[in-house]
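Novice:
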Amino acid sequence: MIQKRLHIKVLIVTTFVVTMFFSCDYNEKKTNVTVVFQNQPVGEAIDINLKYTEAKDTIGKVIANLESPKMLDYSNRSFSFSEFPEGVRLSLYDDKNQKNIVLADYAIVYNATDLIDLQGNVILITPQKDSLFAEQLYYDQKQEWLFSNLPVYLKSITANNGRGDIFDSDTKFTNYTILEGRGDMILKD
Numbered sequence: 572m573i574q575k576r577l578h579i580k581v582l583i584v585t586t587f588v589v590t591m592f593f594s595c596d597y598n599e600k601k602t603n604v605t606v607v608f609q610n611q612p613v614g615e616a617i618d619i620n621l622k623y624t625e626a627k628d629t630i631g632k633v634i635a636n637l638e639s640p641k642m643l644d645y646s647n648r649s650f651s652f653s654e655f656p657e658g659v660r661l662s663l664y665d666d667k668n669q670k671n672i673v674l675a676d677y678a679i680v681y682n683a684t685d686l687i688d689l690q691g692n693v694i695l696i697t698p699q700k701d702s703l704f705a706e707q708l709y710y711d712q713k714q715e716w717l718f719s720n721l722p723v724y725l726k727s728i729t730a731n732n733g734r735g736d737i738f739d740s741d742t743k744f745t746n747y748t749i750l751e752g753r754g755d756m757i758l759k760d
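In our numbering, the protein residues as written are 572 to 760.
In structure tokens:
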């Protein structure tokens with residue numbers, strides 16, 4: 572009888588230990604899967620064409636058009652964004668429907684701020700065929716403003732060529748400033 576009770580106690584303890592062992596293993600696997608999923612994009616789009624419009628009267632007017640071969644959607648993050656790992660072509664339209672074109676090797680659009688971070692071999696081409704070259708350029712969609720705090724080079728047909736460390740411009744590229752890091756003005760149109 573004592574041996575039977577000892578056997579039952581051993582069986583209960585063994586069952587309890589095995590249950591705890593497997594439940595810990597299961598929870599660990601479940602946690603790892605969740606962490607991996609949260610770091611992955613929730614969506615992927617191929618050959619995209621996004622249009623940013625502004626309501627004028629009753630007709631929506633396109634003021635920006637972003638095209639890219641690939642977009643990754645990270646709207647599952649607390650500060651959501653869309654990533655364009657294979658580059659972008661951004662067309663910015665003025666009131667006369669003329670467009671400035673911005674090309675970049677890589678871009679991120681931050682959804683909460685409507686800020687586009689363009690990186691790698693960034694080129695801005697105006698309707699007058701002036702070109703701005705930069706490693707990084709930001710586009711504020713709400714303010715319709717372009718800016719950079721990294722070196723830029725302007726090759727212009729209509730104005731003087733210029734170099735600087737700070738760039739600030741409206742999207743029409745009619746009111747722009749290029750400054751050196753010291754604050755000396757190089758070029759202003």
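No residue lacks a Cβ here, since even glycine has one placed at the ideal position from N, Cα and C. All of these numbers come straight from a predicted model, not from anything done at the bench.
Excluding the 5 residues preceding and the 5 following residue 607 in the sequence, name in chain order all residues of the same chain whose CB lies nearer than 8 Å to its CB.
Specialist: A caution first: residue 607 carries a pLDDT of 48, below 50, which makes its placement in the model unreliable, though a value can still be read off. Nothing listed; no residue qualifies.
Novice: Could you check whether residue 688 and residue 694 sit closer than 8 Å to each other, using their CB atoms as the reference points?
Specialist: The answer is no: Cβ separation not under 8 Å.
Novice: Once the 5 residues before and after residue 657 are set aside, which same chain residues still bring their CB inside 7 Å of it?
Specialist: Cβ neighbours of residue 657 beyond the five flanking positions: 639, 640, 641.
Novice: Return the chain-ordered list of same chain residues with a C-beta closer than 8 Å to the C-beta of residue 518, the five sequence neighbours on each side being excluded.
Specialist: Shown here, the chain extends from 572 to 760; a query on residue 518 therefore has no answer.
Novice: Can you name, in chain order, every residue of its own chain whose Cβ lies under 8 Å from the Cβ of residue 613, other than the five neighbours on each side?
Specialist: Excluding positions up to five away in sequence, the list reads 644, 645, 646, 647.
Novice: Closer than 8 Å is the cut-off here; do at least three beta carbon pairs connect the stretch 690 to 709 with the stretch 727 to 747?
Specialist: Yes, they touch.
Novice: Can you name, in chain order, every residue of its own chain whose Cβ lies under 8 Å from the Cβ of residue 620, other than the five neighbours on each side?
Specialist: Closer than 8 Å at Cβ, skipping near neighbours: 636, 637, 638.
Novice: By DSSP's criteria, residue 654 is part of a beta bridge. Which residues make up the other side?
Specialist: In the DSSP output, where bridge partners are listed per residue, residue 654 has 643, 679.
Novice: By the DSSP assignment, the beta strand (DSSP E) with residue 719 in it spans what residues?
Specialist: From DSSP, the beta strand (DSSP E) with residue 719 extends over 716 to 719.
Novice: State buried or exposed for residue 705, treating a residue as buried only when at least 16 other CB atoms are found within 10 Å of its CB.
Specialist: Classification for residue 705: buried.
Novice: Taking the beta carbon of residue 649 as the centre, do at least 16 other beta carbons fall within 10 Å, making it buried, or is it exposed?
Specialist: It is exposed - the Cβ of residue 649 has fewer than 16 other Cβ atoms within 10 Å.
Novice: I need the straight-line Cα distance from residue 713 to residue 683, nearest angstrom please.
Specialist: Residue 713 and residue 683: Cα-Cα distance of roughly 11 Å.
Novice: Answer yes or no: do residue 725 and residue 736 have a C-beta to C-beta separation smaller than 8 Å?
Specialist: No. Outside cutoff.
Novice: Identify the residues that DSSP records as bridge partners of residue 711: which are they?
Specialist: Answer is 686, 716.
Novice: Hey, quick one: how far does the beta strand (DSSP E) through residue 662 stretch, first residue to last?
Specialist: Per DSSP, residue 662 belongs to the beta strand (DSSP E) from 659 to 664.
Novice: Taking 6 Å as the limit between beta carbons, can you name the residues of its chain near residue 672, skipping five residues before and five after?
Specialist: Closer than 6 Å at the Cβ level, and outside the excluded window around residue 672, lie 662, 696.
Novice: Given that a residue counts as buried once 16 or more other Cβ atoms are within 10 Å of its Cβ, and exposed if not, what is residue 749?
Specialist: Residue 749 is buried by the Cβ-count criterion.
Novice: What residues in its chain sit with their C-beta under 6 Å from that of residue 740, if we drop five residues either side in the sequence?
Specialist: Within the same chain, residue 740 has close Cβ partners 717, 747.
Novice: Can you tell which of 633, 751, 681 has its C-alpha closest to the C-alpha of residue 670?
Specialist: Minimum Cα distance to residue 670 is reached at 633.
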